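Position 286, counted from 1, in the sequence shown is what the numbering used here calls 314; the numbers after and before it change by one each time, with no gaps. A quick write-up on the structure given underneath.
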Amino acid sequence: MEMVKLTIDGIQTEAPKGATILSAAKTLGIEVPSLCHLQIGAADYKNDCASCRICVVEVEGRRNLAPSCATPVYEGMNVTTNSMRVMHARKTVLELMLSDHPKDCLACSKNGECELQDLAIQFGVREVRFAGKESTYRQDISPSIIRDIDKCIMCRRCETMCNEVQTCGVLSGVNRGFEAVVAPAFEQDLSDSTCTYCGQCVAVCPVGALHEADYTWDVVRAISNPSKKVIVQIAPAVRVALGEEFGLEPGTDVTGKMVTALRKLGFDKVFDTNWAADLTIMEEGTEFKERLEKFLAGDKDVKLPLLTSCCPAWVKFFEHNYPDMLDVPSTAKSPQQMFGAVAKEIWAPEEGIKREDLVVVSVMPCLAKKYEVSREEFSKDGNPDVDISISTRELAKLLKQANIDLSKLTDGEFDNPLGASTGAADIFGRTGGVIEAATRTLYEVITGETLEAVEFEALRGWEGFRAANVKVGDLELRIGIAHGLGEARKMLDKIRAGEENFHAIEIMACKGGCIGGGGQPFHHGNESILKKRTEGINAIDAGKEMRKSHDNPFIKEIYEKHLGEPLSHKAHHLLHTKYFARKGK
Ligand code: SF4
Ligand code: SF4
Ligand code: SF4
């Protein structure tokens, strides 16, 4: 790699030719502020439209200030990132932005987490000298995401994320001047577009222009209603990220503290989505085994690969983009929805609770799960299987409102029977985990032998699109894994074109899987946070006595007492679903 020598703030350094001043400064520990620039990973996501101009710096011999995110370094360059001229320019840019920005910070969803607010504090903005016309837009409210576009600063991070990383093509800049806005085509609502509700645009928006639909007060109202029983389930990825909101390191396992916290909030039972993840493996694994056997026997009606179906954003993505492949994904519901169906149709009657008196709340790392609970097929006579889905961030808010400091709590235990789980369920929270969990069970079911080494290293990793061959007895299974919808598209396009053949594929819409979900604490582009959460998940799995879903005694019990066997008529009715070809919605 060709290197160039330059000086930044009086420090001599070297940087690769073509690198930006911003990245060269970063290697020296000099953080140049920016609102539009964001990079996650080496090349996975980079927003470099240079629209905000906060990152301007002085370059010796150059008349005007240079945007450091878009100016390449050169031999002998002399850069100053913190002169009076630079600081004055940044403050003026901030004031100009604030002149066309609502001043309702105290009531904003991003209050305390807004990058614009942070910079206004950093640069000591106490007044806005420029006043005049302000842009106004209507709010766009969907089940998962609210677009509060009055607050948009046109940084275009969401657009890059949606179009280049997720390849969903929902958001783009339209109109000019005060009418300029980032919106779906024809400024239609998100719920009328092909949005998957993956929430990755929300995860990168620096201000409150994009935020989750907040259901925390629906939870408070339900818990306060004496005529309701309110139970909660928690997804695997939440337990390694929630601690970040209380000052703990990313990846810290707060499972026990979270259980105690949820009891303190007043939930009648604290259950675990992991239990339903083990159930998912029983159903999805058996479906895969059946399809595989028929496929190997030459049945032309059977389609492989089997695609995992746990991720509602991925499900909506293929319903929009691959309507010709709707019979390929597993019909197994996601763990969230399996939990809801079992809670309302099996657990509640056993406890003598009427369906309409039970409120099922889920805590998810995800914004698409909010949309998933609203899908009509996941309800009975208008009563949803899961009533309310809140994100990791919303749970943190709720705990803070209730003055519960998670970090100081002692560990509690989940309630049973819907609380016990194996390590296989824990790894659902990171990329490759669902397919690894399925392989653990499949191996024992197909070979009849005990699997001693349960960690399938070939299925682990961080590449967005990876493939591995796994030996299961005499069979060599070719498995594909993709995380991020752009990577999923690459994989599916290859399959459609007949360039790749897999027996099974796991797809998760978010980078890293659910640990990087749109409802997790903001990671501000710091990929090491995602990696630490992944390590946290793997450590929980490694510490479990039971690490295969079919060993879960409460899963065995539900089949013995209620379902018979995987894919039975009753299991089909409760635990499986169907997909729809979608155009606009
Ligand atoms: S939620 Fe996902 S698909 Fe929808 S607009 Fe945002 S990034 Fe695009
Ligand atoms: S909605 Fe947010 S991320 Fe998108 S352009 Fe506006 S401020 Fe930037
Ligand atoms: S990967 Fe997980 S967090 Fe992301 S959309 Fe899918 S289910 Fe939700």
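We treat Cβ as the ideally placed atom computed from N, Cα and C, and that holds for glycine. Source: prediction; values computed, not measured.
Does ligand 5 have a heavy atom nearer than 6 Å to the CB of residue 210?
Looking for ligand 5 in the displayed structure turns up nothing; the ligands present are ligand 1, ligand 2 and ligand 3.
Do residue 439 and residue 569 have their beta-carbon atoms positioned less than 7 Å apart in this structure?
Their beta carbons are not under 7 Å apart, which means residue 569 does not touch residue 439 by this criterion.
Buried or exposed: residue 594, going by 16 or more other Cβ atoms within 10 Å of its Cβ?
Buried, because 16 or more other Cβ atoms sit within 10 Å of the Cβ of residue 594.
Between residue 195 and residue 539, what straight-line distance do the alpha-carbon atoms span, to the nearest angstrom?
Answer to the nearest angstrom: the Cα atoms are 13 Å apart.
So the alpha helix (DSSP H) residue 116 belongs to, where does it begin and stop?
First-last of the alpha helix (DSSP H) with residue 116: 112 to 127.
For a test of the three-state rule: what should DSSP assign to residue 519, helix, strand or coil?
Looking at residue 519 - three-state DSSP - the assignment turns out to be helix.
Let me confirm a value: residue 554 is counted as buried when at least 16 other C-beta atoms fall within 10 Å, else exposed. Which label applies?
By the 10 Å Cβ count, residue 554 comes out exposed.
On the DSSP letters alone, give me the boundaries of the alpha helix (DSSP H) that residue 282 sits inside.
Run containing residue 282: none; DSSP gives neither H nor E here.
Alpha carbons only, please: which of 250, 103, 157 is nearest the one belonging to residue 616?
With the chain covering 29 to 613 only, the question about residue 616 has no answer from this structure.
Are there three or more Cβ pairs, one per stretch, closer than 8 Å when the segment 200 to 215 is compared with the segment 92 to 105?
Because the criterion of three Cβ pairs below 8 Å is not met, the segment 200 to 215 and the segment 92 to 105 do not touch.
Would you mind stating whether residue 132 and residue 162 have Cβ atoms separated by less than 7 Å?
No.
Cβ-heavy atom distance between residue 359 and ligand 1 below 6 Å?
No.
Please state if the CB of residue 109 and the CB of residue 53 are separated by a distance shorter than 7 Å.
Result yes, Cβ atoms of residue 53 and residue 109 sit closer than 7 Å.
Going by the C-beta, is residue 124 closer than 6 Å to any heavy atom of ligand 2?
Incorrect: residue 124 has no Cβ contact closer than 6 Å to ligand 2.
May I ask you to report which of helix, strand or coil DSSP gives residue 188?
Residue state, collapsed to three classes: helix.
Report yes if the C-beta distance between residue 307 and residue 366 is below 7 Å; otherwise report no.
In contact: residue 307 and residue 366 (Cβ atoms closer than 7 Å).
Distance check for residue 44 and residue 337, CA to CA, integer angstroms please.
Going by the C-alpha atoms only, they are around 42 Å apart.
Leaving out the 5 sequence neighbours to the left and right, which residues in its chain are closer than 8 Å to residue 275 when beta-carbon positions are compared?
For residue 275, where only same-chain residues beyond five positions count, the Cβ hits under 8 Å are 435.
Quick check: does the Cβ of residue 180 come within less than 6 Å of any heavy atom belonging to ligand 1?
Not under cutoff, so the answer is no.
Output the residue ranges of the alpha helix (DSSP H) runs that lie fully inside the segment 235 to 280 and measure 4 residues or longer, sorted by chain position.
Those alpha helix (DSSP H) runs which fall completely within the segment 235 to 280 and span 4+ residues are 244 to 252.
For a test of the three-state rule: what should DSSP assign to residue 182, helix, strand or coil?
Of the three classes helix, strand and coil, the one that applies to residue 182 here is coil, per DSSP.
Would you mind listing the beta strand (DSSP E) stretches within the segment 461 to 536 that are 3+ residues and don't spill past its ends, in chain order?
Correct list: 493 to 500, 503 to 511, 532 to 536.
Is the Cβ-Cβ distance between residue 546 and residue 228 less than 7 Å?
Result yes, Cβ atoms of residue 546 and residue 228 sit closer than 7 Å.
To the nearest angstrom, how far is the alpha carbon of residue 74 from that of residue 67?
Between residue 74 and residue 67, the C-alpha separation is close to 4 Å.
Of the choices 375, 607, 34, 394, whose alpha-carbon is the least far from that of residue 405?
It is 607.
Kindly indicate which residue of 345, 266, 233 has the alpha-carbon position closest to the one of residue 535.
The option with the nearest alpha carbon to residue 535 is 345.
Classify residue 430: buried if its beta carbon has 16 or more other beta carbons within 10 angstroms, exposed otherwise.
The residue is exposed, with fewer than 16 neighbouring Cβ atoms inside 10 Å.
Closest by CA to residue 254, which one among 377, 398, 296?
If we check each option's Cα against that of residue 254, 296 comes out closest.
Does the pairing of the segment 261 to 273 with the segment 222 to 238 give three or more beta-carbon distances under 8 Å?
With a cut-off of 8 Å, the segment 222 to 238 and the segment 261 to 273 do not count as touching, because too few Cβ pairs lie within range.
Tell me whether residue 237, by its Cβ, gets closer than 6 Å to a heavy atom of ligand 2.
Yes.
For residue 29, which residues in the same chain have their Cβ closer than 6 Å to its Cβ, ignoring the five residues on either side in sequence?
Closer than 6 Å at Cβ, skipping near neighbours: 44.
Going by beta carbon distance, what residues of the same chain come within less than 8 Å of residue 598, once the five residues before and after it are set aside?
Cβ neighbours of residue 598 beyond the five flanking positions: 590, 591, 592.
Given that a residue counts as buried once 16 or more other Cβ atoms are within 10 Å of its Cβ, and exposed if not, what is residue 342?
The residue is buried, with at least 16 neighbouring Cβ atoms inside 10 Å.
Please state the DSSP three-state secondary structure of residue 552.
Note: residue 552 maps to coil in three-state DSSP.
Could you work out which residue in 148, 492, 102, 83 is closest to residue 41 when comparing CA atoms only?
The shortest C-alpha separation from residue 41 is found at 102.
For residue 584 and residue 310, what's the separation of their Cα atoms in angstroms?
Roughly 10 Å separates the two Cα atoms.
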